[in-house]
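Chemist: Chains as they are written, first to last, in the numbering used here: chain A, 1 to 483; chain B, 1001 to 1269.
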């Protein structure tokens, strides 16, 4: 099997330098194939979501409820995490805390070593992508195999997910057919989708039995009952969490809710917002390892709770709203920028609007300060967000954090990383001009009377447009003349 | 930039006032003054006195959205005293109206007295199209020949002001005008203020798609109530015309105010 040999190992998260980001965005918008496939896929997903919410009133009230649940949970986050730990421990689940990706990987590698694990089979987990789990395991000689079909395809291709819900959305069926034929022994080229899925299922079925450890993410962790909820469509999540002897779940610290009843509305709005499904095919509730005469289930269950910058967002009342996210991906489906550049161009684990507001906390603003500027602030993301995260406002806030002059004791890692003395001076001049009406009048009088001096090259504007030119006379002149 | 979300209860509109303040916006003042003039004429023709505060400059949005809140604050502070009377403030742009309505109170800082003043200004700020429809009850006879136009609603009008159906309704009141809807109508035109300068690749991709969708309707022209979008779209179309050697504009555009006035006999074509 070549699948274990080829994965994302050796591909660390792309460094999001401003230059690299610009180059990737440039390449992406000029890639006609990419443009066409993302447009088609996003149109499809938007239509599917819209069909799930025919009643705007119901959508509004469900969004309001979901926002309230997430905000309530975050308000009590430290207490809920302790309660979650206590109840999971009581249920026989071993709880681990990791501040950094390295710590999380070390914890899981330690578990793998204790069990002399050779193969870990994985359900879909964006947090595992966030910490480069596959890479860390491969480096230590432990195989990590994706079992979600999209993730499996991406792993075969040696790529990263381009969408948090549909990781292989950038791949055509022909590309997938070639991947399968190339990497899976005994498989001939077929671009019949059903046949491809059957091939993938057959390969993965063997791996579930062979694996020593199953890894999964968590959609909601219920503090009061010590329950881990997992939303999925392929059944691979259930296989990963029940067949191998050891199950490790990993999640960010923000995913906790207090009560079981808080899950129902979030689950409903998650699947409807994400894939336009009324309900997912599978909904798993995991409350602990195999008990007494249970006939199946893992003998050991672990939960790794990861911070990785989340507590930085948590510390600020406005930025805390970032943590309301339930990872549905609706913001990227509706984003005109994501639609045009796809997920890979961002260079972050989480692409699209949510990626722009969450990545700065995970990676620091040094690497990510240009991301929040890559938005026209059209508001489509905020409009569809099921938990009402004001994404555009947070983008503006992060732009401000990046622009601020570097100073001691910054509240954010990398604060001031986008500081440009020239740009800051320009805005200071702008404010002097526009905050002083007499100066403004003099400036606009000159700009209109001497409009023939307007430069023909106007930075990014004239890259694709004819130049802007002031009118011969201002509105205020026309108003005066008329009276 | 929505601070509110669709479904927010519709605003309460005042009865038709004796006078309004006209807050033209910096873009209209310097780049599209005729749109401002036509908006003023439309209001005056309805018997409403229009006050043009001479100290008006800009709503502060460019600095605010670019992440320079202090610079935005200074400009907003300079504008707070422009509207001493209790008249509605009419703005011929969804984007600037949205800035005043949703962000002035936050931008102005922590001082409760300033906040209260910003909130009071916000409460009586209306986008021109919604004002014409809901307060004025605009209903003039269409005197123009039969034509088909296409309408672009700015993201701010749509998502911050919740007025995306208002433009349609005003056009529907013109008997000889049919409206052609374009593909991906709710999608941004790619302007986004400094976004168009900072990310020209993506902005160009967005505006080119918008131009193509608008042209595909076969409409004779574009109508929009935001000058930012209008300049972005029409200057892109003009550039495409220039590159293709066309002398006649393939996608002429007009501000909604200009179009309404021209169609209802207030202005020569």
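Positions of the beta carbon are idealized from the N, C-alpha and C atoms, including for glycine.
#1: Which runs of the alpha helix (DSSP H) at least 4 residues long sit entirely within the region 29-98 of chain A? Give them in chain order.
#2: Identify the contact partners of residue 1164 (chain B) in chain A, using a Cβ-Cβ distance below 7 Å as the criterion.
#3: Since residue 1199 (chain B) contacts residue 1230 (chain B) with CB under 8 Å, what's their CB separation in whole angstroms?
#4: For the pair the region 151-171 of chain A and the region 221-229 of chain A, tell me if three or more CB-CB distances fall below 8 Å.
#5: So, helix, strand or coil for residue 229 (chain A), using DSSP?
#6: In the DSSP assignment, the alpha helix (DSSP H) including residue 156 (chain A) goes from what residue to what residue?
#7: Checking the sheet assignment: what are the DSSP bridge partners for residue 1221 (chain B)?
#8: Name the chain A residues that come within less than 8 Å of residue 1064 (chain B), Cβ to Cβ?
#9: Would you mind reading off the limits of the alpha helix (DSSP H) that contains residue 1078 (chain B)?
#10: I'd like to confirm the pairing. Which residues does DSSP put opposite residue 251 (chain A) in its beta bridges?
#11: Taking residue 26 (chain A) as the query, report the chain B residues whose CB atoms sit under 8 Å from its CB, ordered along the chain.
#12: Anyone know if the C-beta pair for residue 303 (chain A) and residue 33 (chain A) falls short of 8 Å?
#13: Answer yes if the region 284-297 of chain A comes into contact with the region 340-349 of chain A, meaning at least three C-beta pairs across the two stretches below 8 Å, and no otherwise.
#14: So, at 8 Å on beta carbons, what are the nonlocal neighbours of residue 425 (chain A) in its own chain, with the 5 sequence-adjacent residues on each side left out?
#15: Step through the CB atoms of chain A and report whether any lies within less than 8 Å of the CB of residue 1207 (chain B).
#16: Which residue from A:283, A:31 and A:300 puts its Cα closest to that of residue 230 (chain A)?
#17: In three-state DSSP terms, what is residue 144 (chain A)?
#18: Against residue 403 (chain A), what residues of chain B qualify as contacts under a CB-to-CB distance less than 7 Å, listed in chain order?
#19: With 8 Å as the C-beta to C-beta threshold (strictly closer), list the residues of the region 1021-1040 of chain B near chain A in chain order.
#20: Give me the chain B residues within the contact set of residue 328 (chain A), using Cβ-Cβ distance strictly less than 7 Å, ordered along the chain.
#21: Can you list, in chain order, the residues of its chain with a C-beta nearer than 6 Å to that of residue 19 (chain A)? Leave out the 5 residues immediately preceding and following it.
#22: Check the C-beta distance from residue 1196 (chain B) over to residue 461 (chain A) and give it rounded, since I have them as a contact under 8 Å.
#23: Identify whether residue 1255 (chain B) lies in helix, strand or coil by the three-state DSSP scheme.
#24: Can you have a look at residue 1022 (chain B) and say buried or exposed, based on whether 16 or more other CB atoms are within 10 angstroms of its CB?
#25: Please go through the region 1079-1157 of chain B and give each complete alpha helix (DSSP H) segment of 4 or more residues, from N-terminal end onward.
#26: With DSSP as the reference, label residue 1178 (chain B) as helix, strand or coil.
#27: Pull up the distance between the alpha-carbon of residue 1243 (chain B) and that of residue 456 (chain A), whole angstroms please.
#28: Any Cβ of chain A within less than 8 Å of the Cβ of residue 1075 (chain B)?
#29: Which same chain residues, not among the five before or five after residue 79 (chain A), have their C-beta less than 7 Å away from its C-beta?
#30: Tell me the DSSP secondary structure of residue 299 (chain A) in three-state form.
#31: Between which two residues does the beta strand (DSSP E) holding residue 484 (chain A) run?
#32: So which of B:1117, B:1130 and B:1177 has the shortest CA-CA distance to residue 1145 (chain B)?
#33: In whole angstroms, give me the CA-to-CA distance for residue 1059 (chain B) and residue 315 (chain A).
#34: With DSSP as the reference, label residue 375 (chain A) as helix, strand or coil.
#35: From what residue to what residue does the alpha helix (DSSP H) around residue 456 (chain A) run?
#36: In the DSSP assignment, the alpha helix (DSSP H) including residue 464 (chain A) goes from what residue to what residue?
Modeler: Per the coordinate set shown:
#1: Complete alpha helix (DSSP H) runs here, min 4: 32-52, 56-75 and 77-90.
#2: The premise fails here: residue 1164 (chain B) is roughly 11 Å from chain A at the closest Cβ pair, so nothing lies under 7 Å.
#3: No, residue 1199 (chain B) and residue 1230 (chain B) are not in contact; Cβ-Cβ is about 20 Å, not under 8 Å.
#4: no
#5: strand
#6: 149-156
#7: B:1149
#8: 396
#9: 1069-1079
#10: A:305
#11: 1201
#12: no
#13: no
#14: Setting aside the 5 residues that flank it on each side, residue 425 (chain A) has no residue in the same chain whose C-beta is closer than 8 Å to its C-beta.
#15: yes
#16: A:283
#17: Note: residue 144 (chain A) maps to strand in three-state DSSP.
#18: 1067 and 1068
#19: 1024, 1026, 1028, 1029, 1030, 1031, 1032, 1033, 1034, 1036, 1037 and 1040
#20: Within chain B, no residue comes near residue 328 (chain A); the closest Cβ sits about 16 Å away, beyond 7 Å.
#21: none
#22: Between residue 461 (chain A) and residue 1196 (chain B) the Cβ distance is about 6 Å, and since that is below 8 Å, they are a contact.
#23: strand
#24: buried
#25: 1094-1098, 1104-1107 and 1112-1123
#26: strand
#27: 16 Å
#28: Look at residue 1075 (chain B): its C-beta is under 8 Å from a C-beta on chain A.
#29: Closer than 7 Å at the Cβ level, and outside the excluded window around residue 79 (chain A), lies no residue.
#30: coil
#31: Past the edges of chain A, shown from 1 to 483, lies residue 484 (chain A), and the structure says nothing about it.
#32: Minimum Cα distance to residue 1145 (chain B) is reached at B:1177.
#33: 31 Å
#34: coil
#35: Careful: residue 456 (chain A) lies outside any alpha helix (DSSP H) and carries neither H nor E.
#36: No alpha helix (DSSP H) contains residue 464 (chain A), which DSSP labels as neither H nor E.
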